[in-house]
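Novice: Quick one: the structure is below, and I'll ask about it shortly.
Numbering (the numbering used here), first residue to last: 426 to 499.
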């Protein structure tokens, strides 16, 4: 049976100064006006964690930033 370990990382909103994530009252969420260098910030986080063997399970957006949920096989 496969075994996994999990990690949760926090990434403050200041890292994403031009990233606008909007959720309507109906619960529909989408990105607005995303500059390329802002997507590179997230891309770098994904690549750094991936290089250590972590796979992203989920990414949650919040008022204060992002929370990443990761897993890797042990």
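No residue lacks a Cβ here, since even glycine has one placed at the ideal position from N, Cα and C.
These numbers were taken from a predicted model, which means no experiment stands behind them.
Rounded C-beta distance between residue 480 and residue 427? I'm assuming under 8 Å.
Specialist: Working through the chain shown from its first residue, we reach residue 480 at position 55. Working through the chain shown from its first residue, we reach residue 427 at position 2. Actually they do not touch by this definition, with Cβ atoms about 12 Å apart.
Novice: Let me know the secondary structure DSSP gives residue 481 once reduced to three states.
Specialist: By 1-based counting over the chain shown, the position of residue 481 is 56. Strand.
Novice: With DSSP as the reference, label residue 430 as helix, strand or coil.
Specialist: Translated into the one-based positions of the chain shown, residue 430 becomes position 5. Three-state DSSP puts residue 430 in a strand.
Novice: In the DSSP assignment, find the unbroken beta strand (DSSP E) run with residue 498 in it and report its ends.
Specialist: In the chain shown, counting from the first residue as 1, residue 498 sits at position 73. Segment 490-498, the beta strand (DSSP E) holding residue 498.
Novice: Compare the Cα-Cα distances from residue 440 to each of 496, 462, 474 and 484 and report the closest residue.
Specialist: Residue 440 sits at position 15 when you count from the first residue of the chain shown. Of the listed residues, the one whose Cα sits closest to residue 440 is 462.
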